[in-house]
Amino acid sequence: MNRRNQQLSKIHIAKKDLGLDDDTYRALLSRVTGQSSAKDLTPLQVAKVLQEFERLGWKSKQGRGKPKPAADKAKLVGKIEAQLAEAGRPWEYGDGLAKRMYNVDRLEWLDAEQLGGVVAALAKDAKRHGRRQ
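End of the sequence shown sits at 153 in this note's numbering; the numbers just go up one at a time, nothing left out.
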């Protein structure tokens with residue numbers, strides 16, 4: 021799911037969580053952005069709508085927390101954590117790498133050799149995007 025679809029999903033989740041009917045929701049969109057449909061929103065307008073929902077009391081659910089690896093893998097997981105933080109990416113991104121590279125759903129389920137592969141992939145990504153490794 022791309023970033024835009026994730027943000028639009030958040031808008032619709034917030035609408036449901038706040039119990040807004042369709043007329044109230046569209047009035048809010050119109051008041052905040054001048055649009056009557058979420059599909060017509062620019063990224064800046066999406067951010068404004070989400071900010072308005074938060075002002076109304078909606079709280080976005082956070083992603084999952086840091087994994088708790090075995091002692092022998094803790095150093096590699098720490099390195100992955102630093103690389104993800106440097107890139108501004110969530111833990112779910114690391115889980116996605118584990119899934120694509122090794123067909124394993126979570127980082128903490130990888131062995132040390134596989135974790136090393138994820139570290140290398142994140143280092144290549146950092147180099148590609150001009151970040152420090």
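Glycine is no exception: its CB is placed at the ideal position from the N, C-alpha and C atoms.
Between A105 and the set D145, W78 and I31, the nearest pair of CA atoms involves D145. By the criterion of a C-beta distance shorter than 7 Å, K30 is surrounded in its chain by L70 and S80, once the five residues flanking it on both sides are discounted.
Annotated three-state conformation of H149 is coil, per DSSP. Taking R151 as the centre and dropping the five residues before and after it, the same chain places the C-beta of E106 closer than 6 Å to its C-beta, in chain order. Contact annotation: the stretch 36-49 touches the stretch 57-77, with at least three C-beta pairs closer than 8 Å.
In the DSSP assignment, A118 falls within the unbroken alpha helix (DSSP H) covering W111 to Y122.
If you look at A58, you'll find it isn't in any alpha helix (DSSP H); DSSP assigns it neither H nor E.
A132 has its alpha-carbon roughly 30 Å from the corresponding atom of N22.
Membership of P63 in the alpha helix (DSSP H) is indicated by the continuous run P63 to R75.
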